[in-house]
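Quick notes on the structure that follows.
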Amino acid sequence: MPSVRVASASIATLLKACKTQFRLEQIHAQIIHKGLEQDHFLITQFICLSNALSSLPYSTAVFRRVNNPSSHLWNSLLKGHCERSSFSATVSLFIRMKREDGAADEYTYPSVVKACAGEGRVREGRAVHGSAVRCGVDGNVFVGTSLVDLYGKCREVVCARKVFDGMCERNVVSWTAMVVGYAGVGDMVGASKVFGEMPERNAVSWNVVISGFVRLGDLGNARRVFEEMPGKDVVSFTTMIDGYAKSGDMASARFLFEQAPVKDIVMWSALISGYAQNGFPNQAVKIFLEMSSRNVEPDEFIMVSLMSACSQVGCLELAEWVDSYLSNSSIDIRQPHVLAALIDMNAKCGNMERATSLFENMPKRDLISYCSMIQGLSIHGRGNQAVALFNRMLSEGLAPDEVAFTVILTACSRSELVEEGRHFFELMRHKYSMVPTPDHYACMVDLLSRSGWLEEAYELLQSMPVEPHAGAWGALLGACKLHCNVEFGELVANRLFVLEPKSAGSYVLLSDIYAAFHRWLDVSVVRNKMQERGLKKIPGISSI
DNA sequence: CTAGGGTTAG
């Protein structure tokens, strides 16, 4: 049938040039029209392309129509599942393959093993390993390497090493997978040793070692390896930049960013999120604008960082601009972390209407978004609504965590809701059996003392099982001034002089309290003490 | 007869 062969070859040519799903479907129609649905060679090529361009159901539908599919066909469908679908779908396809007499070969296992590795399913992985041994393909480099990767990713370094040592042939990828295994469990001694023994290295091998040190927070060793590395690529730079950003060293992060010859979206993202998370929201926004001016399209990660920066600044105009920018982009705002950031930004910047409508339209409201909303209400002085929302959260059966209690106690404190604050503090300790942190105590002290319960606040501070931070004492001293209480004022100020000998604030507050009672002699004593210790009032935030 | 597989950064 020479005409069929010609048709098959010409469709293969069409497939090589095919770049869109629409075109793929046209070619599919031709395959059916010409009666080539059983052509294994052609269908294999078709499925590979369909995996990349189209959807798995489409690949599967085409596959189903083939009688007695060849190993090549099974393998290409398995690869599609392992890249685009879940662990269970891949493994059940593998099981179906074995049941339907598909002959598994050395091309079958890497996909199945990778599916196991991707979701940390080491038990199933071991079974697949056994199956590979029974098929006699465990000596293959690709199979062996995927197994080293599997055990390494599942933190079973001893097993990974056993497979690695048993391999009769290894290449740079096999060696790198072994380094990944050691680095993954934080064993950088082991990782460095294997790295040192590698007969050849590529950029990936170097980057694995660098990121291993970075993950341990060992920026010194990471930087040393980075400097030694020949041909640093965009990943090497990004790994270092992200490491510095996460350790709070934005100066080094920025320096390497400027040094990098190529900047991709992940690198921009690392810098922007670094600035946002280390409390430099204005810098984050500035870098974002610089990125935009170079025509780099932001992705969801960058937008989340930008929204976090915006929340910190609390600027409504900026928030509105970001919100509409996001809504006009192709980014799906229904993604949980994007939506959470969007609600948080709108709530903190004062657009409670927008925040509320996003919040109420969520399919299921979670703790994070509740906290954003409560904090938004709190910032804008709507304490009673914050309390009501917190109660609604409890009635929905969500269990508050430490952060949630900090948020609600702060809300109570801002709106001077003493009874509610006491209630939540008790709830936290007794119903949820949580140990309050110094932050929680600080909120309570602030709430009680500002509402005039100076003695109770003082007793709470004294009764704390952990050391309070100076902020709590400072809040109490501020309240002593507010309520003109000399007795507690002296007590608290003397504690603060010990806790924070270098801070002028407490001296100033105490002298203000004396001044309110016209005790000018005491005023001058405090001022002199302050001068003796070389402290100056900072102009601008002085005695007002 | 032709073809298919493994490692790194937010």
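For the first sequence, numbering that gives the first Met the number 0 assigns the number 0 to the initial residue and increments by one for each residue that follows. Positions of the beta carbon are idealized from the N, C-alpha and C atoms, including for glycine.
Buried/exposed call for residue i, threshold 16 Cβ in 10 Å
i      : result
Pro464 : exposed
Val207 : buried
Leu520 : exposed
Trp320 : exposed
Ile540 : Note on Ile540: pLDDT 43, under 50, position unreliable in the model; the coordinate value appears next. Burial call: exposed.
Lys161 : exposed
Pro500 : exposed
Pro335 : exposed
Ile286 : buried
Gly247 : exposed
Cys17  : buried
His517 : exposed
Ser268 : buried
Phe404 : buried
Pro297 : buried
Ser542 : Annotation note: pLDDT 40 at Ser542 (below 50); position unreliable, no value reported.
Thr19  : exposed
Asn484 : buried
Pair within 8 Å by beta-carbon distance, residue i and residue j
i      : j      : result
Lys33  : Ala60  : no
Ala176 : Thr144 : yes
Phe42  : Gln29  : What sits at residue 42 in the sequence shown is Ile, not Phe. Their beta carbons are not under 8 Å apart, which means Ile42 does not touch Gln29 by this criterion.
Asn374 : Val406 : Checking the sequence, you will find Gln at residue 374 rather than Asn. Yes, they are a contact pair.
Val203 : Glu168 : no
Asn294 : Asp322 : no
Val234 : Asn201 : no
His429 : Leu453 : no
Gly420 : Leu446 : yes
Gly185 : Leu215 : yes
Leu149 : Ala116 : yes
Ala318 : Asn350 : yes
Cys370 : Cys309 : no
Leu92  : His80  : yes
Val193 : Trp174 : yes
Leu475 : Ala503 : no
Gly76  : Phe62  : The question names Gly, yet the displayed sequence has Leu at residue 76. Their beta carbons are under 8 Å apart, which means Leu76 touches Phe62 by this criterion.
Lys480 : Gly488 : yes
Arg413 : Gly451 : no
Closest Cα partner of residue i within the set the options
i      : options                           : result
Thr409 : Val121, Leu397, Gly396 and Arg449 : Arg449
Glu82  : Arg95, Cys47, Val65 and Phe212    : Cys47
Phe86  : Leu72, Ser54, Val121 and Gln20    : Val121
Lys97  : Arg133, Glu118, Leu534 and Lys18  : Arg133
Gln276 : Leu305, Pro297 and Ala259         : Leu305
Tyr506 : Asp521, Val284, His517 and Val525 : Val525
Ala545 : Gln258, Ser53, Gly138 and Ser70   : Summary: the structure shown does not reach residue 545, with the chain confined to residues 0 through 543, and so no result is reported for it.
Asp263 : Asp248, Ser272 and Thr237         : Thr237
Glu36  : Ala16, Asn50, Ala51 and Asn67     : Asn67
Met249 : Glu531, Leu218, Met228 and Gly230 : Leu218
Asn383 : Glu352, Glu395, Glu418 and Leu357 : Glu418
Asn527 : Ser510, Asp164, Ala515 and Gly488 : Ser510
Pro362 : Gly195, Ala339, Ser412 and Ala456 : Ala339
Gly470 : Arg494, Gly195, Val485 and Glu455 : Arg494
Gly278 : Arg381, Ser307 and Glu299         : Ser307
Ile512 : Val497, Leu498 and Val491         : Val491
Phe225 : Lys245, Met197 and Gln258         : Gln258
Leu325 : Val312, Met302, Cys314 and Leu315 : Met302
Leu397 : Cys411, Ser368, Glu425 and Ala385 : Ser368
Met228 : Glu199, Ala244, Asp100 and Ser251 : Glu199
Ala252 : Phe423, Met266 and Val90          : Met266
Residues of its chain near residue i, where Cβ-Cβ distance is below 6 Å and the 5 sequence neighbours each way are ignored
i      : result
Ser84  : Leu55
Gly180 : Gly151, Val156 and Ala159
Asn74  : Tyr106 and Thr107
Cβ shell of residue i (< 8 Å), same chain only, five flanking positions each side left out
i      : result
Val142 : Glu105, Tyr108, Pro109, Val112, Ala131 and Val136
Pro467 : Pro437, Tyr440, Ala441, Val444 and Leu460
Pro399 : Leu366, Phe389, Met392, Leu393, Ile407, Met427 and Tyr431
Ser49  : Leu23, Tyr57, Ser58, Val61 and Gly79
Contacts around residue i, its chain only, beta-carbon distance under 7 Å, and the 5 residues preceding and following it disregarded
i      : result
Ala221 : Ile209, Phe212, Val213, Met239 and Gly242
Ala354 : Ile342, Asn345, Ala346, Met372 and Gly375
Ala8   : none
Gln44  : Ala11 and Leu14
Ala283 : Ile271, Tyr274, Ala275, Ser304, Leu305 and Ala308
Leu146 : Val112, His128 and Val162
Ser523 : none
Lys535 : Ala503
Gly138 : Cys167
Ala514 : Val522
heavy atom of the ligand MG below 7 Å from residue i C-beta
i      : result
Glu196 : Inclusion of the ligand MG in the displayed structure is not the case, the ligand content being empty and no account of it being possible.
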